[in-house]
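Let me begin by presenting the structure, written as structure tokens, before commenting on it.
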Amino acid sequence: FETNQLELPEHTLVQFNVTSLDVIHSFWAYELGVKADANPGINNIAYVTTKGAVIVHVRCAELCGIWHGYMYDQGQVVTKAQFAAWVTQQQQRYGTATKTLPPYSKTYFPDPLRRSG
Numbered sequence: 001f002e003t004n005q006l007e008l009p010e011h012t013l014v015q016f017n018v019t020s021l022d023v024i025h026s027f028w029a030y031e032l033g034v035k036a037d038a039n040p041g042i043n044n045i046a047y048v049t050t051k052g053a054v055i056v057h058v059r060c061a062e063l064c065g066i067w068h069g070y071m072y073d074q075g076q077v078v079t080k081a082q083f084a085a086w087v088t089q090q091q092q093r094y095g096t097a098t099k100t101l102p103p104y105s106k107t108y109f110p111d112p113l114r115r116s117g
């Protein structure tokens, strides 16, 4: 399954695959001590071992354009039991693994209907 929610098990080595569809960004989850550049067409891999339960704030740390200030989110590190329960819930909700990101393209044209409103 694929979800836009960042949920990680504690005391676990996690691999982040970081890339971009448009310009250079930078994935920064500062409570985890990880920052990785997101370059178009390149898969940049970053590893981190989670510690105890914590709220994780994620930001883009590269001045990437007009919407840079809105590129933030949060996730959490939870116990392994909580993570297993979350995975089960997500699998029931979303089914098996899917890929929702569009294929990589050297150009990006946002949906004009989304820009108008």
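Residue numbering for the sequence shown follows our numbering, starting at 1 and increasing by one per position.
By construction, the Cβ of each residue, glycine as well, lies at the ideal position given by its N, Cα and C atoms.
query: Give the single residue among T3, T12, G95 and E62 whose Cα lies nearest to the Cα of G52.; result: T12
query: Could you check the C-alpha separation between A38 and V78 for me, to the nearest Å?; result: 26 Å
query: With three or more beta-carbon pairs closer than 8 Å as the criterion, would you say the segment 49-65 touches the segment 27-35?; result: yes
query: Which residues in the same chain have their Cβ closer than 8 Å to the Cβ of Q74, if we skip the five residues on either side of it in sequence?; result: L6, I55, V56, H57 and V58
query: Quick one: what does DSSP say Y72 is sitting in, helix, strand or coil?; result: strand
query: Just how far apart, CA to CA, sit T19 and I45?; result: 9 Å
query: When burial is assigned at 16 or more other CB atoms within 10 Å of the CB, is A125 buried or exposed?; result: Limits of the chain in this structure are 1 at one end and 117 at the other, which puts residue 125 out of reach.
query: Quick one: using the 10 Å Cβ neighbour count with 16 as the cut-off for buried, is T3 buried or exposed?; result: exposed
query: Cα-Cα, which of T49, S26 and A36 is closest to P9?; result: T49
query: Report the residue from H25, I24 and N43 whose alpha carbon sits nearest the alpha carbon of F16.; result: N43
query: Please classify Y94: does DSSP put it in a helix, a strand, or coil?; result: helix
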